[in-house]
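What follows is a short report on a single structure.
Protein chains in written order, with my numbering: chain A, 69 to 528; chain B, 69 to 528; chain C, 69 to 528.
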């Protein structure tokens, strides 16, 4: 007792002396718990964590010694636990195990354990932590412990231990959530996959499209090698195009959903699955688009320090002098380019604001009225600015035949299709008559088809 | 029982089958609760949430069936609840209602409900969530549920339900806080209103001031149309001016408060209301100023790609060649402009740091000594850098008569007034004798006027 | 009772009417508690918080009146509490005191208090708050209250009070943590000290190194005063150099640790202290490096608006015309400079991503697999991009003898040493045979030296 740090907390039992079991035991011991390891033969549990004063007992004795038993062994070895069922009766079994792949087994490890030893109270927990966090306590990405289990008392006991180890505990309900918890450490940005794939696909498409239209066309037709433009000029066309399309794709599902609700006359019918999934990744779509927009900004700002640009400007000045003619100052041009840049800056500023408010700690302090104001109202404003910025970029280029090389539309025109459609549809939804109907539907009102009504009455 | 998902939690009763009641019921059912709706006649509560297996009973039976009753009806219809007082006695009534406007009624809905049914334990809660969050569970801006109520046990029961639904619960104390909770969903950035109004006002003023001084003056006096400069050049003067003034306004109230404390000789007298309100919106003032400063940075960085600037530079080079004279390199000019830019960059960098540390999740991990170090010490340093940046911009322009067109001072001079005053006052406060007195006052020491002391003694 | 706001919560006692005691009393009263101050003589506790209706009793009576006693007096005055031991028996004593310096006393104030009055249940708490937060409730940097104590019930009572005051409570375990809590308000970015010192040292070194190499060399050898370049050009060399070195220093300890584990054949041996400390400040190293990289970006972007650069460009154009020769367009140069800029932008973009994911609220929502993916995989990619960016900057400069002024290597070469070493070592670790061994070691496998094994067996 004297060698224990500060507190004399209860005794805990750990089954399994693999990495997980040893890390957990070390941390528990350091926090002030008495830890005992279960093993097949007494004093044979292999190398125990250095510096710890833990005991090793045979399984039966170990199981009896503590109220909480941490199961840190692989699922394949669970069956031996069945023989300990009498000793484990009424105990809290904390299943810390993880699998190597998703869907390896029909039921979650914790549920399997509960089925093996029905008399015990199985709690899933700690499995979302890295061995590093188990050994050293909470760190940056490992502050939260998720637990689930059918017995409230058992969960409470586990929560107490986790809190004492310094973690924040989130109760995820009954043991049916175990599957979800076991999948959690295996996941790698699941909600980012679709937006990233989309961004990659669009980027690749527009890269090759513009490569053909600009570089290869110039090589074939004009016999001029401008391949050096791939690095910066071409990328600075691809990024804003993809960014604008993805930004508009954030707002398209909302518009589609509104029209679907208007058509159906109720909000109580489920959306099709693809629409649901689309709506759930809007935040990620927007953030990927923001990243691309930021790249576009940086690519644009380095324009004047690029060798190619400096060379061209100097060459232009020199040619003006040699030909002894000075082009007059074009006020329209000044207005147009300045507007083009300024609208772009304002759009990007709003965009950054949307990004900042989607930080978890910022969105947490907003009321949902504030959140929806920013993400909806300011979001459409951002989309409008960015679309307008692109229209200003185009200006009267669509009138020049040289814009249609090999009958391919310039990239910026393609990028304008989706955002323009979204903005027009949104304008339609803002018409007073449409808006009021939609608001009523969203407040729970349902348009009842007179015929259907009659049928219902007949049925009852 | 068999069709219920996983857990068999207690039965809950919901009054009201509007949008709110139905969304809440659906979510409660999905989480594993048994839900019963109260209605006037049995089995007549209207369309229930699709896919749910909820019952509908007459009000009396429904109220008796559950310990928790969610009241999701409009306040105007509360009076019928009075007839259920015997059944609701000892029950927990969760008031989920919201009003359409602030201050519609003299007392909060929840307090009114408590007055109607004194035997029930009224808890205000869930009303800060959107119907969407109620139906689908926690999402970005809707993780937190606020509750308040006079009975600790009743609150505990509600907190348990909310936790099971996946929300984080914040206890806001007794039922007197209900008014605040009912106002919460109606608020739209209340603490941002003043700073945004100020920013708009200042921006408008300086825009028209500089419009007259630069564009209109040039049109009237020199007959030159430089209106195209409105878009970028003028804006890039207005933004930094307003930003600097607003940054200094963040620090002015602190300085005023310090002088007030020095004058009064105590910290235990309340500040005037306007000063209190001013101090409470300093963070928002600073963030709006940071947004404007960021726009200033972007506006400045696009300078070299603007048509107007490129034209002017080329024209300058051409004129030099034609007149066959080259202006010599001016080392002072190089020092001055580089210093001007560099000080601006450093000021902006510090400014960004202040912005980042004001993110909730960052400021939460700082000790208050660290937070005050950053927001005060680094804050004044930022103000100093930005003011110095503006002085360097001015340099010797104040000596040139051409700066005073139509007897109007240049914008940058106006912007320097408040920051210079703040910095001078702060320097005064840093004088050792003043500083030590202020520190003592802030530690609770009070300067006692000898005369007052005597009066006090006479009175006691 | 009637004048109390809303709730009739229990009575609390405060010892000490200094700044802390008065602020705390005011807040407690406003929240609805009855507050009584202990004093030597009845009704003589000095000026009480304005507007509060608190009583002042002699210490004995005050101590008896409440279950919770807040001790807001200096440690030096604790000894008088010993005389109150009979009255304080079984009470909860909340030690709110702080010291002026670290390590002033051999034991923490709270532990000293517990020793003085063994019969009381001492809880350390509230001391991490500023007096301002105590008086006005939670604000930006003061939301969290840390408590520690040996009695769970006593802590629970304190947690309840803190929660009612609006704070978030974190239980830090037993009273041995009191020392840590008392040190907390005194700390000023302890984990940032080393990285900031390193950054300052490296910046100073490279500043003087490049000052000699560029400016002084030019002055001595060419008799040309280019001191104006200190402000922007020199700084824009120093910042990226220091940033790259510090970024690579984030990844060096991980590589060293891996080789150490490979050499030792186990992960269960502790790393040397210097390595542990180094690894713990990697996040801060990286963020300081990010700040410097951001400055480098801004310094680079203002290049085209600098007077010196504009002058040089114009002079170059003019000289070309005068000599009537035009330098041909150099495609390699265009490729090279564009690649150099683009790689830099991509590196900086990834770098920003690393910075954003290290925000507490963002890293909290990541699983540790996701966190380690970003901080490790994307981190090495960032290091690679930034190193490659520097190599592209150098290009063939190392071939030109003019690069070695006074036998001093150019700054960028020095900056490439550490990152190149780190990248090569990391590549070695990624070799399949090395990688698989390391993975096994990290999963808990230990290489057992056959000789050692034998020795062990002999010993047992």
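Note that the Cβ used here is the ideal one computed from N, Cα and C, for glycine as well.
Tell me the DSSP secondary structure of residue i in three-state form.
{"i": "residue 161(B)", "result": "strand"}
{"i": "residue 113(B)", "result": "Below a pLDDT of 50, predicted positions are generally treated as unreliable, and residue 113(B), at 47, falls in that range; the measurement from the model is reported next regardless. Looking at residue 113(B) - three-state DSSP - the assignment turns out to be coil, as it is neither helix nor strand."}
{"i": "residue 79(B)", "result": "strand"}
{"i": "residue 191(C)", "result": "strand"}
{"i": "residue 107(A)", "result": "strand"}
{"i": "residue 118(A)", "result": "A caution first: residue 118(A) carries a pLDDT of 49, below 50, which makes its placement in the model too unreliable to give a value."}
{"i": "residue 448(B)", "result": "helix"}
{"i": "residue 347(A)", "result": "helix"}
{"i": "residue 185(C)", "result": "coil"}
If you draw a straight line from the C-alpha of residue i to the C-alpha of residue j, how long is it?
{"i": "residue 331(B)", "j": "residue 364(B)", "result": "39 angstroms"}
{"i": "residue 75(C)", "j": "residue 101(C)", "result": "Residue placement at residue 75(C) is flagged as unreliable, the pLDDT there being 40, under the threshold of 50; a coordinate-derived value is accordingly withheld."}
{"i": "residue 413(A)", "j": "residue 366(B)", "result": "7 angstroms"}
{"i": "residue 485(A)", "j": "residue 369(A)", "result": "27 angstroms"}
{"i": "residue 471(B)", "j": "residue 293(B)", "result": "19 angstroms"}
{"i": "residue 206(C)", "j": "residue 422(B)", "result": "20 angstroms"}
{"i": "residue 429(A)", "j": "residue 252(A)", "result": "22 angstroms"}
{"i": "residue 399(A)", "j": "residue 300(B)", "result": "14 angstroms"}
{"i": "residue 303(B)", "j": "residue 444(A)", "result": "27 angstroms"}
{"i": "residue 406(C)", "j": "residue 313(B)", "result": "40 angstroms"}
{"i": "residue 86(C)", "j": "residue 149(C)", "result": "17 angstroms"}
{"i": "residue 404(C)", "j": "residue 273(B)", "result": "48 angstroms"}
{"i": "residue 501(C)", "j": "residue 449(C)", "result": "22 angstroms"}
Using a C-beta cutoff of 8 angstroms, does residue i count as contacting chain C?
{"i": "residue 502(B)", "result": "no"}
{"i": "residue 453(B)", "result": "no"}
{"i": "residue 69(A)", "result": "Note that residue 69(A) scores a pLDDT of 30, beneath 50, so its modelled location is shaky and nothing firm can be said."}
{"i": "residue 296(A)", "result": "yes"}
For chain A, is any of its Cβ atoms less than 8 angstroms away from the one on residue i?
{"i": "residue 198(B)", "result": "yes"}
{"i": "residue 271(B)", "result": "no"}
{"i": "residue 310(C)", "result": "no"}
{"i": "residue 239(B)", "result": "no"}
{"i": "residue 291(C)", "result": "no"}
Report, in whole angstroms, the separation of the C-beta atoms of residue i and residue j, which I expect to be a contact under 8 angstroms.
{"i": "residue 339(A)", "j": "residue 355(A)", "result": "Not quite, the Cβ-Cβ distance comes to about 23 angstroms (not below 8 angstroms), so this is no contact."}
{"i": "residue 476(A)", "j": "residue 281(A)", "result": "5 angstroms"}
{"i": "residue 325(A)", "j": "residue 343(A)", "result": "6 angstroms"}
{"i": "residue 138(C)", "j": "residue 162(C)", "result": "5 angstroms"}
{"i": "residue 231(A)", "j": "residue 341(C)", "result": "Not a contact, Cβ separation roughly 30 angstroms."}
{"i": "residue 192(A)", "j": "residue 156(A)", "result": "Not confirmed; about 16 angstroms, so no contact."}
Flag residue i as yes if its beta-carbon sits less than 8 angstroms from any beta-carbon of chain B, otherwise no.
{"i": "residue 376(C)", "result": "yes"}
{"i": "residue 87(C)", "result": "yes"}
{"i": "residue 436(A)", "result": "yes"}
Terminal residues of the continuous beta strand (DSSP E) containing residue i?
{"i": "residue 486(C)", "result": "Unbroken run through residue 486(C) is the alpha helix (DSSP H), 479-498; no beta strand (DSSP E)."}
{"i": "residue 238(A)", "result": "236-239"}
{"i": "residue 136(B)", "result": "136-139"}
{"i": "residue 215(C)", "result": "212-217"}
For residue i, report the span of its alpha helix (DSSP H) as first-last.
{"i": "residue 306(C)", "result": "303-332"}
{"i": "residue 470(B)", "result": "Unbroken run through residue 470(B): none, as it is neither H nor E."}
{"i": "residue 377(C)", "result": "375-390"}
{"i": "residue 273(B)", "result": "258-278"}
{"i": "residue 97(A)", "result": "87-99"}
Give the interface partners of residue i over in chain E, defined as CB-CB distance under 7 angstroms, in chain order.
{"i": "residue 411(A)", "result": "The chain labelled as chain E is not found among the protein chains of the depicted structure, namely A, B and C."}
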